[in-house]
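A.B. asks:
2 protein chains.
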Amino acid sequence: MNDLKKKILDQADSDLAGIESALKDNLTTYLEIVSKAAGHILFSGGKRFRPLLMILSARICGYDGTYDKTFSVIFEYLHAATLLHDDIVDEATLRRGQPVANSIYGSATAVLVGDFLLARSLSIAANTGRIEVIKAIGDVTEDMAQGEIHQLIRKGSLDLTEKEYMEVIRRKTASLMQGACLTGALIADAQEKEKDALSDFGLNLGFAFQMADDLLDYTSDTAVLGKTIGADLREGKMTIPLIYALKNAKPDDRVKMETVISDTSFSDSDFNTLKRLLDTYGGIRYTTKLAAEHVQKAKDALSVFAPSQTRDLLSMLADYTISRDL
Amino acid sequence: MNDLKKKILDQADSDLAGIESALKDNLTTYLEIVSKAAGHILFSGGKRFRPLLMILSARICGYDGTYDKTFSVIFEYLHAATLLHDDIVDEATLRRGQPVANSIYGSATAVLVGDFLLARSLSIAANTGRIEVIKAIGDVTEDMAQGEIHQLIRKGSLDLTEKEYMEVIRRKTASLMQGACLTGALIADAQEKEKDALSDFGLNLGFAFQMADDLLDYTSDTAVLGKTIGADLREGKMTIPLIYALKNAKPDDRVKMETVISDTSFSDSDFNTLKRLLDTYGGIRYTTKLAAEHVQKAKDALSVFAPSQTRDLLSMLADYTISRDL
């Protein structure tokens with residue numbers, strides 16, 4: 010575990026414990042299979058990044074109520090619901106080192122338990138009693154569905170631009186983190202500039218988070234990542250390291266890369282060739298730099314708040330998005 | 010078309026036209042594939058039963074605003090979302106005489122477009138500005154997911170009781186109709202007794218609707234039904250005509266029925282044998298009677314309202330649930 014992660018876990022210790030309890034307490038269901046299948050995805054080593062963002066966002070805006078843990082689970086349930094559905098869409102086999110839920114419980118159950126978790130999120134959101142929160146969550150949920158569909162229909166498209174990639178990841182990833190931070194501000198009755206700042210923080214952090222994720226598919230290995238290395242590429246997902254390198258490659262190298270991308274059963278040796286070319290044409294460096302810029306933007310957005318331990322912790326979470334090894 | 014249907018269509022003509030417009034207007038999406046796949050399920054001959062229930066419920070409580078059509082689409086989008094997901098879960102091939110969406114657009118798109126429609130429902134619900142409406146919709150969505158899961162895990166279970174069947178259909182079907190009627194009352198700021206009456210009306214009408222649906226699987230034919238006759242049985246769905254007949258059959262006839270139920274590739278002749286036994290042991294008669302009793306309960310619930318054209322129309326809709334041929 011790296012030092013930053015250790016520091017975050019130390020400081021967020023009691024919040025994370027509160028989130029775990031709330032995740033269990035709000036999953037009262039009448040069917041055992043629902044608890045089991047939902048539990049498989051919910052209690053398999055998730056980082057609780059999104060609920061923690063909401064709780065800290067509420068705190069930095071002066072929230073002193075007792076419902077922040079309860080409301081924070083909205084964002085973990087929503088996240089888990091999309092993971093359940095995405096694993097079906099992507100035909101994935103592993104997540105966090107475990108077989109995916111649909112391979113254990115079947116796709117039918119995974120579809121329906123995902124729907125159930127979406128519905129739970131909505132019910133808990135209704136309990137905030139705040140229409141703005143529900144609107145934000147409606148927007149996020151629409152974004153996530155459309156982002157995933159956009160990604161799906163552009164799989165294997167060699168002409169995907171950086172701009173289109175940014176739109177896809179804004180919807181599929183950044184929107185939820187933005188929504189979590191905004192919701193924290195909303196339940197704290199924050200001022201407009203605080204809401205805007207946290208919304209901005211969550212959005213930029215979300216961009217950095219997804220870029221780091223997309224890098225890991227090329228720079229990590231299966232044992233650490235808990236899912237198959239090169240899985241994105243095999244599914245035809247065009248991510249920024251690839252988009253950038255393709256754009257800058259010499260024609261013959263571009264052809265080499267395109268050949269690997271178009272071959273869904275590429276060998277390890279093909280994959281290593283591609284990785285070398287990504288590096289040669291700056292795909293890795295460019296993505297690292299772009300992610301770091303978004304982290305910086307996120308941290309800059311926090312400047313409307315006075316210095317505090319909570320602000321430091323949010324800042325560390327932003328740094329963490331690009332320093333994590335999984 | 011039967012006389013009752015014609016009468017309903019005449020009286021509800023302008024409401025139904027308003028619903029069609031609202032269904033189109035609220036489907037502003039940024040991806041063509043979303044409109045197309047959502048449109049495939051939304052504009053393929055749906056009866057708009059649920060939105061019409063909401064509109065009439067609002068009207069009978071004195072609603073005189075202009076948003077009833079807009080809010081009514083919540084219930085058609087939710088319905089369409091569950092149809093998209095159910096067709097994946099059931100591995101269905103035909104719906105309303107058309108190939109199911111997942112066979113045209115793929116399961117991945119059908120899962121995600123279903124999620125998108127759920128999200129749109131939520132966003133429109135947020136626009137009502139009423140927390141009670143959102144709570145009702147959260148409850149309905151949880152019910153539907155759990156009802157479908159319950160049905161899924163009890164497929165082919167010969168020991169399913171009438172009580173358990175009633176719980177499954179309450180959640181998977183009746184809850185949405187109940188929610189549509191209750192929402193109509195809520196947006197009209199109705200009195201408690203009116204809310205209760207409409208909730209009761211929708212619930213009982215929903216029970217009758219599903220029982221009639223379950224009967225049609227045994228009494229209609231594929232051309233009229235628009236889906237494969239005997240499809241429920243082939244999927245192992247234990248419905249009330251079957252449950253009742255099994256309970257009352259002589260041991261040797263019960264064994265015959267169980268043999269057909271357990272054989273997912275039963276022949277037409279097997280199916281006809283089963284249908285004859287359902288009839289012999291009163292499964293058809295009992296279901297018809299039970300559905301009619303629920304229609305009567307639904308109509309009785311309307312007695313808190315003064316006589317009016319709207320009350321008559323709601324009453325006709327209740328009768329229609331058991332007189333429809335599809």
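Taken in order, these protein sequences are the chains called A and B. Heads up, the working numbering is the position in the first sequence plus 9, with the first residue counted as 1. Heads up, the working numbering is the position in the second sequence plus 9, with the first residue counted as 1. Just so you know, even glycine gets a beta-carbon here, dropped at the ideal spot from N, CA and C.
Given Tyr86/B, which residues of its chain have a CB within under 7 Å of its CB, disregarding the five upstream and five downstream residues?
C.D. replies: Here residue 86/B corresponds to residue number 77 of the second sequence, with the count starting at 1. Taken in chain order, the residues that qualify are Leu126, Arg129 and Ser130.
A.B. asks: Near Lys181/B, which residues of its chain fall below 7 Å by C-beta distance, leaving aside the five closest residues on each side in sequence?
C.D. replies: Along the second sequence, one-based indexing puts residue 181/B at 172. Around Lys181/B: Met153, Gly156, Glu157 and Gln160.
A.B. asks: With a threshold of 16 other CB atoms inside 10 Å of the CB of Lys172/A, please say whether the residue is buried or exposed.
C.D. replies: Position 163 of the first sequence, counting from 1, holds the residue named residue 172/A. By the 10 Å Cβ count, Lys172/A comes out exposed.
A.B. asks: Buried or exposed for Gly71/A, please, with buried defined as at least 16 other CB atoms from any protein chain shown within 10 angstroms of its CB.
C.D. replies: Walking along the first sequence from the start, residue 71/A turns up at place 62. Gly71/A is exposed by the Cβ-count criterion.
A.B. asks: What residue range is occupied by the uninterrupted alpha helix (DSSP H) comprising Gly265/B?
C.D. replies: As a working mapping, residue 265/B is identified with position 256 in the second sequence. The question names Gly, yet the displayed sequence has Lys at residue 265/B. That run of the alpha helix (DSSP H) goes Pro260 to Ser271.
A.B. asks: Check for me: the alpha helix (DSSP H) holding Gln200/B runs from which residue to which?
C.D. replies: Looking up residue 200/B in the second sequence gives position 191. No alpha helix (DSSP H) contains Gln200/B, which DSSP labels as neither H nor E.
A.B. asks: Below 8 Å on C-beta distance, what does Asp24/A contact in chain B?
C.D. replies: For the purposes of this step, residue 24/A is taken as residue 15 along the first sequence, with counting starting at 1. Going along chain B, no residue has its Cβ under 8 Å from Asp24/A, so there is no contact; the nearest lies around 25 Å.
A.B. asks: Are any of the Cβ atoms in chain A nearer than 8 Å to that of Asp84/B?
C.D. replies: Position 75 of the second sequence holds residue 84/B. Here residue 84/B is Phe; the residue named in the question, Asp, does not match the sequence. Phe84/B does not count as touching chain A.
A.B. asks: Could you give the first and the last residue of the continuous alpha helix (DSSP H) run that contains Glu171/B?
C.D. replies: The count along the second sequence starts at 1 and reaches residue 171/B at position 162. Its alpha helix (DSSP H) spans residues Glu171 to Ile178.
A.B. asks: If you compare alpha carbons, which of Ser166/B, Asp34/B, Asp226/B and Glu151/B is closest to Tyr39/A?
C.D. replies: Looking up residue 39/A in the first sequence gives position 30. Closest by alpha carbon: Glu151/B.
A.B. asks: Closest Cβ-Cβ distance between Leu161/A and chain B: below 8 Å?
C.D. replies: Stepping through the first sequence from its first residue, residue 161/A is reached at position 152. Chain B contact via Cβ: present.
A.B. asks: Assign Gln187/A to one of two classes, buried (16 or more other C-beta atoms within 10 Å of its C-beta) or exposed (fewer than that).
C.D. replies: Indexing the first sequence from 1 puts residue 187/A at position 178. Its Cβ being crowded by 16 or more others within 10 Å, Gln187/A is buried.
A.B. asks: What did DSSP end up calling Arg57/A once you bin it into helix, strand or coil?
C.D. replies: Counting from 1 along the first sequence, the entry for residue 57/A is found at position 48. Residue state, collapsed to three classes: coil.
A.B. asks: Spell out whether any CB of chain B is found under 8 Å from the CB atom of Glu151/A.
C.D. replies: Numbered from its first residue, the first sequence carries residue 151/A at position 142. Chain B, which has a Cβ nearer than 8 Å to the Cβ of Glu151/A, makes this yes.
A.B. asks: If I'm right that Val120/B touches Val122/A with Cβ under 8 Å, what's the distance once you round it to whole angstroms?
C.D. replies: Reading the second sequence from its first residue, position 111 is the one you call residue 120/B. Reading the first sequence from its first residue, position 113 is the one you call residue 122/A. Not a contact, Cβ separation roughly 12 Å.
A.B. asks: Are there 16 or more other CB atoms within 10 angstroms of the CB of Gly165/B, so buried, or fewer, so exposed?
C.D. replies: In the second sequence, counting from the first residue as 1, residue 165/B sits at position 156. The residue in question, Gly165/B, is exposed, as its Cβ has fewer than 16 Cβ neighbours within 10 Å.
A.B. asks: Determine whether the beta carbon atoms of Ser312/B and Ile69/B lie at a separation below 8 Å.
C.D. replies: Within the second sequence, residue 312/B is the residue found at index 303, counting from 1. Within the second sequence, residue 69/B is the residue found at index 60, counting from 1. For Ser312/B and Ile69/B, no; Cβs fall outside 8 Å.
A.B. asks: Identify the continuous alpha helix (DSSP H) that holds Met247/A and give its terminal residues.
C.D. replies: Locating residue 247/A in the first sequence gives position 238, where the first residue counts as 1. Met247/A -> no alpha helix (DSSP H), and no H or E assigned at all.
A.B. asks: Residues in the same chain with beta-carbon distance under 7 Å from Thr330/A, minus the five sequence neighbours each way, listed in chain order, please.
C.D. replies: Against the first sequence, residue 330/A aligns to sequence position 321. So the list reads Leu214, Ala217, Phe218, Ala221 and Val304, once near-sequence residues are dropped.
A.B. asks: Take Ala337/A and list the residues in its own chain whose beta-carbon comes closer than 6 Å to its own, dropping the five residues that flank it on each side.
C.D. replies: Past the edges of chain A, shown from 10 to 335, lies residue 337/A, and the structure says nothing about it.
A.B. asks: So if I threshold CB-CB distances at 8 Å, which residues from the region 202 to 215 of chain A count as touching chain B?
C.D. replies: none
A.B. asks: So Leu92/B packs on Ile50/B, CB below 8 Å; how close in whole Å?
C.D. replies: Along the second sequence, read from residue 1 onward, the residue named residue 92/B stands at position 83. Along the second sequence, read from residue 1 onward, the residue named residue 50/B stands at position 41. Yes, they are in contact, since the Cβ atoms of Leu92/B and Ile50/B sit about 6 Å apart, within 8 Å.
A.B. asks: Does any C-beta atom of chain B lie closer than 8 Å to the C-beta of Gly147/A?
C.D. replies: Numbered from 1 along the first sequence, position 138 holds the residue referred to as residue 147/A. Taking CB atoms only, Gly147/A has a neighbour in chain B less than 8 Å away.
A.B. asks: Would you say Asp269/B lies against chain A (beta-carbon separation less than 8 Å)?
C.D. replies: Taking the second sequence and counting its residues from 1, one reaches residue 269/B at position 260. Residue identity check: residue 269/B is Val in the sequence provided, not Asp. Under the 8 Å criterion on CB atoms, Val269/B is classed as non-interfacial with respect to chain A.
A.B. asks: Taking 8 Å as the threshold (beta carbon to beta carbon), is Lys298/B in contact with chain A?
C.D. replies: Residue 298/B sits at position 289 when you count from the first residue of the second sequence. So no, Lys298/B is outside the interface.
A.B. asks: Hey, could you find the ends of the alpha helix (DSSP H) Ala183/A is sitting in?
C.D. replies: Locating residue 183/A in the first sequence gives position 174, counting from the first residue. Careful: Ala183/A lies outside any alpha helix (DSSP H) and carries neither H nor E.
A.B. asks: Sort out for me which residues DSSP pairs Pro108/A with in a bridge.
C.D. replies: Working through the first sequence from its first residue, we reach residue 108/A at position 99. Looking at the DSSP assignment, Pro108/A forms a beta bridge with Leu103/A.
A.B. asks: Would you decide whether Val264/B is buried or exposed? Buried here means 16 or more other CB atoms lie within 10 Å of its CB.
C.D. replies: What you label residue 264/B is simply residue 255 of the second sequence in a count that begins at 1. Exposed, since its Cβ has fewer than 16 Cβ neighbours within 10 Å.
A.B. asks: Report the neighbours of Glu244/B on chain A: residues whose CB is nearer than 9 Å to its CB, in chain order.
C.D. replies: Residue numbering aside, residue 244/B sits at position 235 when the second sequence is read from its first letter. Per Cβ cutoff of 9 Å: no residues; Glu244/B is ~11 Å from chain A at best.
A.B. asks: State whether the region 293 to 303 of chain B contacts the region 249 to 261 of chain B, with contact taken as three or more CB pairs (one from each stretch) at a distance under 8 Å.
C.D. replies: yes
A.B. asks: Measure the alpha-carbon distance for Leu62/B versus Cys190/B and round it to whole angstroms.
C.D. replies: Mapped onto the second sequence, residue 62/B falls at position 53. Mapped onto the second sequence, residue 190/B falls at position 181. Distance between the alpha carbons of Leu62/B and Cys190/B: 6 Å.
A.B. asks: Excluding the 5 residues preceding and the 5 following Ala21/A in the sequence, name in chain order all residues of the same chain whose CB lies nearer than 7 Å to its CB.
C.D. replies: Taking the first sequence and counting its residues from 1, one reaches residue 21/A at position 12. Closer than 7 Å at Cβ, skipping near neighbours: Leu61 and Leu322.
A.B. asks: Curious, which full-length alpha helix (DSSP H) runs of at least 4 residues does the region 266 to 329 of chain B contain?
C.D. replies: 277 to 289 and 292 to 310
A.B. asks: Straight-line CA distance for Thr75/B to Val149/B?
C.D. replies: Along the second sequence, one-based indexing puts residue 75/B at 66. Along the second sequence, one-based indexing puts residue 149/B at 140. If you take the alpha carbons of Thr75/B and Val149/B, they lie about 24 Å apart.
A.B. asks: Give me, in chain order, the residues of the same chain whose beta-carbon lies closer than 6 Å to that of Thr319/A; leave out the 5 immediate sequence neighbours on both sides.
C.D. replies: The residue labelled residue 319/A in the question sits at position 310 within the first sequence. A distance below 6 Å between beta-carbons, with the five flanking residues on each side excluded, links Thr319/A to the following residues of its chain, in chain order: Leu65, Arg68 and Ile69.
A.B. asks: On the three-state DSSP scale, how would you describe Lys14/B?
C.D. replies: Numbered from 1 along the second sequence, position 5 holds the residue referred to as residue 14/B. Taken through DSSP and simplified to helix, strand or coil, Lys14/B comes out as helix.
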